[in-house]
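Scroll down for the structure; my scribbles are underneath it.
Chains as they are written, first to last, in my numbering: chain A, -1 to 327; chain B, -1 to 327; chain C, -1 to 327; chain D, -1 to 327.
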């Protein structure tokens, strides 16, 4: 069986997914849609796929699944219509910035018995999977405390911040998903502290750039998340999980594994500076996992529910940062 | 000038300080006091110092300074009487478990124009000092976020837990002091989450074994503290400081800098397993700093105020952990 | 311009190169030849290329360049006939196990004004290129001493050893090429020590499994090479270059960048265990470099001369190991 | 029992040993001798020991053992006279620069049934001992190849070079001893390559500054030694031992275990820059081992024979470097 794909949105992330489809055995890129003709044309030129409108893709018999890479505010509607059209859907996070709307979408997917995978690529990163495998193999005993550190090289453009739902919903949301994945229990309590330290304009826009969050589950397992919108040394992405028998951590990645020694000391290069180069393998692996789930008729590894839960945690964190109170879920 | 010392309490930490005194040029150990004769005798045998009672030391003309290493509940009274007797006082933390009493002691010290140094040895650890020096030299720009990880190899005996004031006052208190030292601003808000994950008996005793704390200053600088009473891999003591221009971290220490590679992977030895071996150099350096301050008539690097502030943060953390609300100072 | 390729030999390394061709913009795989039909068929199925005989490829007008991945004893003849047929040739090392014959081939290539690139993929490894770039940028001053460590996870099959020309010609040859590349000067003196430590059968076959070599250039720059046929911890590939102003090293690569800590210590996974997974990026990059050279009409980065020189060093090392004398070139 | 010491020579290394004696339980520093009065006086002031002439120390009934820290050319005579005087002798390496004379001294020691420990402090370094313990515990199986890297921050003064016997006898000699210790078999063959790369004056003085050596034992175990007289990044001291089941290495030491990350990368401080700070613990441990051997009437861990063997290897290496031939022992 071959899964025949349509890609909605041929921007940066759409290109990443198109490349992944071209490399996964059992997947074919049939068509791409994009309001910007040149963007769609570029994918056509590279992979020989058709250029169609979103509506045409929805009605195409030769398309089994779509990857939604369009702007956030179109996600909910597109998921609903494509699920109703009988297509399997892979959608970049978030389902919607509004929890109520996201919940509605999940219900629609369930009512239609549809397939919805939400793009939390970190779960597919080879290092993070090796860390998870070590936990699952009992190498560290019972998980007790998770420490997540995510720092971006720099803040996104101001106009993105106004549309993104803020740092908890556009950045920390990935950590919320990773936290749920690693804690192995649902979070019951969220505490957050948030500041603006890198750019006063971010405060004017009503957002934060430096946040810390503590999550706690029913049995008392905890997770701390540290986020900054600025890191001079690159894209900082670390996980540490402390358990009853030991600890496991995943280290950062740099472009070259070299070290220069001189009178100043021993210096390794800065980190990979961009989420796309850091998570190249993860993006490919998540599409491969989506294809494998479809082929085997299994549930996808991340679902609409996962997208919803992460969003709920983001909302709770924002509320806690504003109120100074733990928010109970 | 030579600083002539009396050591009050010849237990584990008293022995450490006696050794430090014997090695610092400009310091002499004149006398030791301990209710347990054999303990005092051991120090006498090793360093040739007199054995005297606490009262005798207080009245000794040939003693300039004392190191208080007696049980916590004697600290406040001893500080007050020795300061009144004109002795410079170095006291192990805490001044007292009760903030009001500790505040009273600080006032007495100030009224008497006395010298009180509180034993926060971490500030004197060579690695942590190198980290602080890097910050002070502007290597990472403005401090934004501090991350402190402290995990003990195992919990203290149950009866110690009942006397210690609990994890925030006996363990996190060191991190509170380090946080204040590194943030360079007073903390205004404290959030804490606390669980019992390693031993249900600890819950019965009314304490916690796994805690996370977020501190925030007036300008929005933040610090997270992670503590566990159990770490299979040794005594885990890490600092990371993230600033506007970069980051600096201090790594853990192990007994031997070797690595064994085989089919299982590349393995380095566990960490030093005991706070006294981890902080050997720090204990010596803090006594040297105390002596240097006395010789030069300068204020000591840590003071009673530092002890009080750390205690206030511990109280606030406990209150936050219980209430689920940020505590403002 | 597109470079149209024929691949001779569809075994393990032929497959690697076919994949590389399929991914390099400006390159197309037109045809494959292999005595084993199923092997050729597999490449046809994957890349849609023709299946032709070696002779047909030689005479094909629609083929500009060939990749020679056939057994070693066919290399020399194939290079000569394809160069005479006007094809650009990329040949896996060695040109020939016999220096005289290799020299003859180089002469033929030069007489025909042909293009011959010899496959020393290590020069194209991203880490090693970053190391070389640091040297070229003056980061370590003048190169003084190069240290190369190459250990294989296990010895090749015994029958390969009898055909390979021995450890110096099949394994150390890569290090000889890297040494020349990094020293920046031709080697004048070769000293070698060789033993059999892992398998007595290797001694019966007249080969060694554990060797050390010291190279020296006219100006006194030195290089040591350490090789073993056995390493329990994976495929060990390290470079260290010491210069007048500093040092640069390239570290080993492992499958996952994680670390597990417990009572046994801190353990990272073993190394990548196979030269093909270790040098995946290098194999792709060398084909890209070959294509780029052809497109721009520039000399290839490695040439037949490089292949010849490395072989001469291998012969010299073998002679030194047997005689106990430095061999001068 | 207390071992009563005389120290001959109150220079840099004499001071190190005097301090070690003062800290080892069971050892007392009774007297020091030095031609320079101020040097002897300094030790007297610090440790309260007598100042005596070498002859007086030889005749002192209250002295059991001496530490010889005088210039190299006095070692042989002093060892002989003190052994004859019934004193246990600890002598800094070398016994003598001349192998024949050294052999004579060893014979005298044996004839007198005397005790002679030669100061190869590296064997007592805690990291190197942990490495050796891992080997002895079978962690890496049979030792196959040893790799020793020793680089000094800078060359010694020119006049020292003229007196030291050259790089093999003053610097590599420590590596020869470590090689013997770790190989666990006597060396049968020595190959060496030597250049002058850092300072042409060193060539004028008839010495080298950059050398590589390959040692081989009867069973084919090998050891490579890399030495340079210049390393911009500090005092480089590494050991790696490769065995049939794995590998063990000892890493370099730096002053502080911190790391600074910024746009330039991740930088750790340079190495400890001086052999005395690098080997502080080793110097103390070797004196403790000497005292322990005397107390228990056991042979010392390093002996005159070890000094002799290392010197023979140095001579062989020099001969090989000059002749280009392996020297068989």
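Just so it is clear, CB atoms sit at the ideal spot from N, CA and C, and this is done for glycine as well.
**OP:** Can you tell me which of C:209, C:228, C:237, C:124 puts its alpha carbon nearest to the alpha carbon of residue 178 of chain C?
**Re:** C:237
**OP:** Identify the contact partners of residue 246 of chain A in chain C, using a Cβ-Cβ distance below 8 Å as the criterion.
**Re:** 256, 257, 258, 259
Subject >> Residue environment, residue 224 of chain C, which counts as buried when at least 16 other CB atoms sit within 10 Å >> reply: buried
Subject >> Partner residues on chain C for residue 243 of chain A, Cβ-Cβ distance less than 7 Å >> reply: 260
Subject >> Strand pairing of residue 191 of chain A, partner residues [DSSP] >> reply: A:210
Subject >> Among D:84, D:22, D:88, nearest to residue 7 of chain D - alpha-carbon criterion >> reply: D:88
Original post:
Excluding the five sequence neighbours on either side, which residues of its own chain have a C-beta within less than 6 Å of the C-beta of residue 248 of chain C, listed in chain order?
Top reply: 125, 126, 129, 237
**OP:** Buried or exposed for residue 245 of chain A, please, with buried defined as at least 16 other CB atoms from any protein chain shown within 10 angstroms of its CB.
**Re:** buried
**OP:** Taking only beta-carbon positions, decide if residue 152 of chain D is within less than 8 Å of chain A.
**Re:** no
**OP:** Could you please give me the residues that DSSP links to residue 145 of chain D through a beta bridge?
**Re:** D:222, D:238
Original post:
Nearest-angstrom Cα distance between residue 164 of chain C and residue 1 of chain D?
Top reply: 59 Å
Original post:
In terms of residues, what are the limits of the beta strand (DSSP E) holding residue 245 of chain B?
Top reply: 245 to 248
Subject >> Closer than 9 Å at the beta carbon, the chain A residues around residue 285 of chain C >> reply: Within chain A, no residue comes near residue 285 of chain C; the closest Cβ sits about 17 Å away, beyond 9 Å.
Original post:
Among residues of its own chain, excluding the 5 on either side of residue 276 of chain A, which ones have a beta-carbon nearer than 7 Å to its beta-carbon?
Top reply: 233, 235, 251, 270
Original post:
Should residue 234 of chain C be flagged as near chain A, meaning a C-beta pair shorter than 8 Å?
Top reply: no
Original post:
To the nearest whole angstrom, what separates the beta carbons of residue 49 of chain B and residue 22 of chain B, a pair I think is in contact under 8 Å?
Top reply: About 21 Å; that fails the 8 Å criterion.
**OP:** Taking a Cβ distance cut-off of 9 Å, strictly less, list which residues of the stretch 265 to 281 of chain C are near chain B, in chain order.
**Re:** 265, 266, 267, 268, 269
Subject >> residue 218 of chain B vs residue 140 of chain B beta-carbon contact at 8 Å >> reply: no
**OP:** Answer yes or no: does any C-beta atom of chain D fall closer than 8 Å to that of residue 191 of chain C?
**Re:** yes
Original post:
Between the stretch 141 to 159 of chain C and the stretch 308 to 322 of chain C, do three or more beta carbon pairs fall short of 8 Å?
Top reply: no
Original post:
Apart from the five residues on each side of it in sequence, which residues of its chain come closer than 7 Å, Cβ to Cβ, to residue 280 of chain B?
Top reply: 119, 120, 122, 123
**OP:** May I have the straight-line CA-CA distance separating residue 296 of chain A from residue 220 of chain A, to the nearest angstrom?
**Re:** 31 Å
**OP:** Inspect the CB distances between the stretch 252 to 271 of chain A and the stretch 71 to 84 of chain A and report whether three or more fall short of 8 Å.
**Re:** no
Subject >> Backbone secondary structure at residue 257 of chain B - three-state DSSP >> reply: strand
**OP:** List the residues of chain A whose Cβ lies closer than 7 Å to the Cβ of residue 148 of chain D, in chain order.
**Re:** In chain order: nothing, as chain A lies at least about 15 Å away.
**OP:** Consult DSSP for residue 263 of chain B and reduce its assignment to one of helix, strand or coil.
**Re:** strand
Original post:
Would the beta-carbon of residue 90 of chain B fall within 8 Å of that of residue 117 of chain B?
Top reply: yes
Original post:
Per DSSP, what kind of secondary structure is residue 98 of chain D in: helix, strand or coil?
Top reply: helix
Original post:
In three-state DSSP terms, what is residue 232 of chain C?
Top reply: coil
Original post:
Which residues in chain B sit within 7 Å of residue 230 of chain C, going by Cβ to Cβ distance?
Top reply: 260, 261
**OP:** Determine whether the Cβ of residue 134 of chain C lies closer than 8 Å to any Cβ atom of chain A.
**Re:** no
Original post:
How is the alpha helix (DSSP H) around residue 26 of chain A delimited, first residue to last?
Top reply: Unbroken run through residue 26 of chain A is the beta strand (DSSP E), 25 to 31; no alpha helix (DSSP H).
**OP:** Quickly, what does DSSP pair residue 136 of chain B with across the bridge? List them, please.
**Re:** None, per the DSSP bridge assignment.
Original post:
Who pairs with residue 63 of chain D in a beta bridge, going by DSSP?
Top reply: D:3, D:86
**OP:** Classify residue 265 of chain D as buried or exposed, calling it buried when 16 or more other Cβ atoms lie within 10 Å of its own Cβ.
**Re:** buried
**OP:** Would you decide whether residue 15 of chain B is buried or exposed? Buried here means 16 or more other CB atoms lie within 10 Å of its CB.
**Re:** buried
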